[in-house]
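Undergrad:
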Amino acid sequence: MQQLTFYLNDESDTCELGKSLARVLESGLKIYLHGDLGSGKTTLTRALLKEAGHTGKVKSPTYTLVEPYVIELNGHTVDLLHFDLYRMSCPEEFLEAGFRDHFNEETVCFIEWAEKAESALPAADIDVSFEISGDGRTVELRSLSEKGFRCLENLRF
Ligand code: ADP
Ligand code: MG
């Protein structure tokens, strides 16, 4: 298992980590983001999407639960799904919405508040946990699969 901990002084550090992650993404990755409201999950994802070639706006998927994007990965275009399950009331809602279909080797999935869908979700490749500490954030990245391990091993931050 690969486990990395960083202290992020400010928003620009969080964005830099997002950019670094964008450079080591692989198709099929499932990355779950944990941490209180305002801890930096969307900030990281937004910076990552920009670095991966998305040029438009990145909205927080608070009400839509998911926002789809198209990114460039090693010369291929891949769908990146950005979920925010904060407003989901139970795991069944995740299944009924057909969200399971988005999880395959052709996509990359980022999920905020994955704990809301618990049992309905496939296992994560990487868990990212944010904690508000002082004026900044402590972030821990943990690999939970071979693919996740490879990704964190290549991460330069
Ligand atoms: P979440 O998606 O976890 O609810 P957001 O990314 O929407 O959180 O909001 C995070 C807030 O914290 C933003 O106001 C952002 O400017 C700020 N922020 C992000 N990273 C840091 C950091 N490392 N230190 C201090 N503030 C940060
Ligand atoms: Mg958010």
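Just so you know, we're using numbering that gives the first Met the number 0 here: the sequence shown kicks off at 0 and counts up by one. Just so it is clear, CB atoms sit at the ideal spot from N, CA and C, and this is done for glycine as well. Everything numeric in this text was worked out from a predicted model, so none of it was measured.
For a quick check, are the C-beta atoms of V65 and H81 less than 9 Å apart?
TA: Yes; because the gap between Cβ atoms is below 9 Å, this pair is in contact.
Undergrad: Alpha carbon to alpha carbon, how far is A159 from E71?
TA: The displayed coordinates of the chain run from 0 to 156. Any statement about residue 159 would go beyond what the structure contains.
Undergrad: Would the beta-carbon of S38 fall within 9 Å of that of F129?
TA: Cβ atoms of S38 and F129: closer than 9 Å.
Undergrad: Report yes or no: do three or more beta-carbon pairs, one from the stretch 84-101 and one from the stretch 109-125, lie closer than 8 Å?
TA: A contact exists between the stretch 84-101 and the stretch 109-125.
Undergrad: For the structure I just gave you, are there three or more beta carbon pairs, one from the stretch 21-39 and one from the stretch 146-154, closer than 8 Å?
TA: Output reads yes: the stretch 146-154 touches the stretch 21-39.
Undergrad: Can you find the residues in the same chain that come closer than 8 Å, C-beta to C-beta, to K58, ignoring five residues on each side of it along the sequence?
TA: Contacts found: E66.
Undergrad: Indicate the three-state DSSP secondary structure (helix, strand or coil) for R161 in the structure shown.
TA: The requested residue 161 does not occur in the structure, where the chain is confined to residues 0 to 156.
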